[in-house]
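Reading through the C-alpha cells given below for one structure.
Residue numbers (UniProt numbering): 1 to 303.
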C-alpha cells in the first residue's frame, strides 16, 4: 500500500466464522468463493486453522480467486502475568508465520475477555489492578517488538467488548502507556460504540495511532437493552446487537471521511459478527456493505 487510500476488505467473521472448525460455520472454500464474488480483494485469515495452514496451498487458493491477506489474528491475556508470554507466543508465532508468508503486514491482537464469549460466564474480575495494567503494557510492547523484528508485522490492538480494554478511558490509557513503534490501534467501530467509546474522537485525538480498522455498526435499540439488562457480549450477539450498515451507529460515512483525512494508506475490514448464521445470509449483506462503504469516500476502494 503506497497510495493514501482506505482499502476495504472483509473477514471470515462476516461469514459467521468464530472458530477454526465448527459445523455451524460456512466452509472455507465457500467463504473464499463468496468473498471474490462479492467484489472484495483483501481478507483476514480469521481463526488459525479455518483457512489452510500450508502456505503453498493457501497461496494457490487465494491466487485462484485474486485475493490477498491483510492480517492474521491472535489472542492474549498479558494482564494475567508475565508468564502469559509462553502461552501467547506459540500460537502467535504460527499466525505470524502464515500472515507474513501470505504478504500480510498486520497482526490484530484481541485481549482476553473477562466473561466467556460463548457462555457469558465471568472467568475473572472485570477490573484490573495497577500491576495487571503494567503487565498488559509490558506484554504488548514485547509482542509488538517481536512481531516487527522477527516477521516485519505490525501489532494492531483490538479493544473488545467484555474485555478490560473497551471504554474510551481504557483505550486512552493503553495508548498512553505503550510504545507506538510496537502497538497501534485496530479501531473497531462496532466494539468502540458498544463500549461507549467514540471512533471519531479517537481518530481526531490519536491520528498517528490508528493503524487499522474494523468497520461495523451497532443497533442502538439493542444496545440500550444490553446496557439496561447488563447482557454479556455473547447474549448481545444473539440479540442482534450488530447490524448491517448503514442502519446503526457509529456513522461510518463520518468515520471514513475522518480516516481519509489522515492522508495515509489504511485497511478498513468489514467485520460483522454473525455467529451462528445460515450459510445463505452473509453474501448479500457483504455485497451491500461493500457498495455502501465505497459510496462513503472519494479515496475509498477495494484495491
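Positions of the beta carbon are idealized from the N, C-alpha and C atoms, including for glycine.
Asked: Local Cβ density within 10 Å of residue 125, reported as buried at 16 or more and exposed below that; Found: exposed
Asked: For residue 210, the residue or residues it bridges with in DSSP; Found: 185
Asked: N-terminal and C-terminal residue of the beta strand (DSSP E) that residue 127 is part of; Found: That residue, residue 127, is in no beta strand (DSSP E); it is neither H nor E in DSSP.
Asked: Per-residue burial, residue 129 [other beta carbons within 10 Å of its own, 16 or more giving buried]; Found: exposed
Asked: Burial state of residue 162, where buried means 16 or more other Cβ atoms lie within 10 Å; Found: buried
Asked: Own chain, CB closer than 7 Å to residue 249, minus 5 neighbours either side, in chain order; Found: 193, 217, 218 and 220
Asked: Delimiting residues of the alpha helix (DSSP H) encompassing residue 259; Found: 252-260
Asked: Residues near residue 81 in its chain [Cβ-Cβ closer than 7 Å; skip 5 each side]; Found: 135
Asked: Status (buried if at least 16 other CB within 10 Å, exposed otherwise) for residue 63; Found: exposed
Asked: Residue ranges of each alpha helix (DSSP H) within the region 22-101, 4 or longer; Found: 28-37, 55-64 and 84-101
Asked: Reduced DSSP secondary structure (H/G/I, E/B, other) of residue 279; Found: coil
Asked: Cα-Cα separation between residue 145 and residue 182, rounded to whole angstroms; Found: 5 Å
Asked: Minimum C-alpha distance to residue 71 - residue among 18, 97 and 85; Found: 97
Asked: Simplified DSSP state of residue 287, which is helix, strand or coil; Found: helix
Asked: 8 Å Cβ cutoff met for residue 264 and residue 4; Found: yes
Asked: Straight-line Cα distance separating residue 57 from residue 201; Found: 42 Å
Asked: Neighbour-count burial assignment, residue 238, 16 or more Cβ in a 10 Å radius; Found: exposed
Asked: C-beta atoms of residue 153 and residue 99 nearer than 8 Å; Found: yes
Asked: Three-pair Cβ contact test at 8 Å for the region 165-173 versus the region 226-242; Found: no
Asked: For residue 270, the first and last residue of its enclosing beta strand (DSSP E); Found: 266-270
Asked: Alpha helix (DSSP H) segment containing residue 154, residue limits; Found: Element bounds for residue 154: not the alpha helix (DSSP H) but the beta strand (DSSP E), 154-157.
Asked: For residue 215, the residue or residues it bridges with in DSSP; Found: 270
Asked: Identified DSSP bridge partners for residue 7; Found: 267 and 301
Asked: Beta-carbon spacing of residue 12, residue 46 below 8 Å; Found: yes
Asked: Residue 220, enclosing alpha helix (DSSP H) - first and last residue; Found: 220-229
Asked: Rounded separation between residue 212 and residue 8 - CA only; Found: 11 Å
Asked: Residues that residue 199 bridges to, as DSSP identifies them; Found: Paired residue(s): none; residue 199 is not in a bridge.
Asked: Residue 291 classed as buried or exposed, judged by whether at least 16 other C-beta atoms fall within 10 angstroms; Found: exposed
Asked: Best match in 24, 164, 66 and 28 for proximity to residue 36 [C-alpha to C-alpha]; Found: 66
Asked: Bridge-paired residues (DSSP) for residue 163; Found: 113
Asked: Cross-strand partners of residue 249 (DSSP beta bridge); Found: 218
Asked: First through last residue of the alpha helix (DSSP H) which encompasses residue 20; Found: Where residue 20 is concerned, there is no enclosing alpha helix (DSSP H), given that its DSSP letter is neither H nor E.
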